Structure formats: C-alpha cells, structure tokens
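Taking it in order: structure first as structure tokens, then the write-up.
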C-alpha cells in the first residue's frame, strides 16, 4: 500500500524534528518508536515487509522499542505473522556487518534500553522487543481478558523514567494501543491516564480496526480506532 510508504517518510520527518529538540540533542539519544503491523506474506500484501526492511536499514537512527504483530486489513484475526518479523530480523543480523561499516561501533552495549544515534542495536535486543499484540478486531475485544504482550509492553515503555516521547507508527490496526489505554484507565487515576497518554505520538495509516470496504458509508461505532480519537485525543 503506497500510503504506508508515504507514512514512513512523514514519520521520518517528524522524528528528525524530535531529534533536534534540546534535550535529545544534548544527550544524542534516538527517538523511541513502536511499530504495530499486520505484516503479511508478499502474495497478500508486501508493503509491511518492505517497510520493516526499510526501518531496520535505519535502525541506527531509531530506538526500536517494540515491534508488535497485530490485526489489520491484511489479517482480520488469528493469522498474525510474527514469524515474518523474525525473518526480517534474521536478514538484519546477516547484513549487520555491512551496516556497521557506516559507524565506528565495535560491539553491543550491555544495556540497550537507552541508545544513542549511530548505535546499531543487536538482533537479540530487537527479537526481545518483537511480540504479539491484539488478535481480534473491533471495540468488542477491548477490555478485560484482552491484554497481550504488546499492550503490556507499551505500558512498560510509558512507565520508564524517560522524558522522550514514544512515537507509535501504525501500519495495521491500532487495537493493541487501545487495549493499553483501556488497561491504564482501569488501573490508574485520571491524572495518571493523562500522563500516560501525553507520552505518545501516534500516526495511523487509516482505521484498520474494522473490515476493509470501498463504500463511503461505514459504521465506525465498533472501532477502537474511533474510540481513541473520540475519547482519548489530547
């Protein structure tokens, strides 16, 4: 989907600006990012794999804190291809010696939770941040019993003592992030929820928490995407 390639370029522009803020410039820290993807085989929809490869080629510029397989128009539930994400990471590991020629990096740091621009993360670190998110579409599956590794990881990221914003790039459905919001809303105060939401900057391709349709008259009432826009935009 060409829109996703455009979104990657738009996100890159935003992240470059984020790197230029005084605090990040002083510490030379990477912008923190999360990817939610309905990655699928090439014969179904190749763009998310293409975007994943493009991201990994620039892994020295971004602190990739979560790669989350979720639902979307390429996967309406139960066919999450986290294995394809690991295939991309295997290719990254193979190409890493060539990628590191662009830097003076000799080894991986012991704690990769805070990375400086120019640092190539280890494949093992990236694999540890690659998890499964929501596996069912729609607002009906936001709530008790629907937490996932992905939604839990998003909350853990927000709880870190780190003032950098967390950029969420949504290539598929954003219901994993919606579930994280729901969980925080249940377990914490209103002020804590606001603090949680203020940590994130989210860019979505479109609303992929509903079935794909060519029609203009689509009922969005059951979409967690619309729930977030209506009640949790700051």
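Numbering (this note's numbering), first residue to last: 39 to 272. The beta-carbon is built from N, C-alpha and C at its ideal position, and this holds for glycine as well. Here the structure is a predicted model, which means the values were calculated and not measured.
Environment of residue i [buried if 16+ CB atoms lie within 10 Å]
i	result
residue 220	buried
residue 95	exposed
residue 89	buried
residue 182	exposed
residue 234	buried
residue 60	Residue confidence for residue 60 is low, a pLDDT of 49 falling below 50, so the modelled location carries little weight; the figure read from the coordinates is stated next. By the neighbour-count rule (16 or more Cβ atoms within 10 Å), residue 60 is not buried but exposed.
residue 229	exposed
residue 51	Residue placement at residue 51 is flagged as unreliable, the pLDDT there being 49, under the threshold of 50; a coordinate-derived value is accordingly withheld.
For residue i, the nearest candidate out of the options (CA to CA)
i	options	result
residue 147	160, 184, 111 and 183	160
residue 92	127, 103 and 204	127
residue 191	115, 111, 167 and 266	167
residue 176	246, 72 and 205	246
residue 243	186, 85 and 65	85
residue 137	98, 109, 111 and 151	98
residue 153	240, 250 and 69	69
residue 239	201, 248 and 225	201
residue 121	249, 79 and 132	79
residue 226	193, 119 and 158	193
residue 100	158, 184, 264 and 250	158
Contact check, residue i vs residue j, beta carbons under 7 Å
i	j	result
residue 67	residue 210	no
residue 195	residue 206	no
residue 164	residue 107	no
residue 71	residue 102	yes
residue 266	residue 218	no
residue 261	residue 180	no
residue 213	residue 172	yes
residue 82	residue 112	yes
residue 231	residue 237	no
8 Å contact criterion, which residue i and residue j should meet: CB distance rounded
i	j	result
residue 104	residue 188	7 Å
residue 109	residue 174	7 Å
Residue i Cβ short of 6 Å to the ligand FAD heavy atom set
i	result
residue 69	No copy of the ligand FAD appears in this structure; indeed no ligand is present at all.
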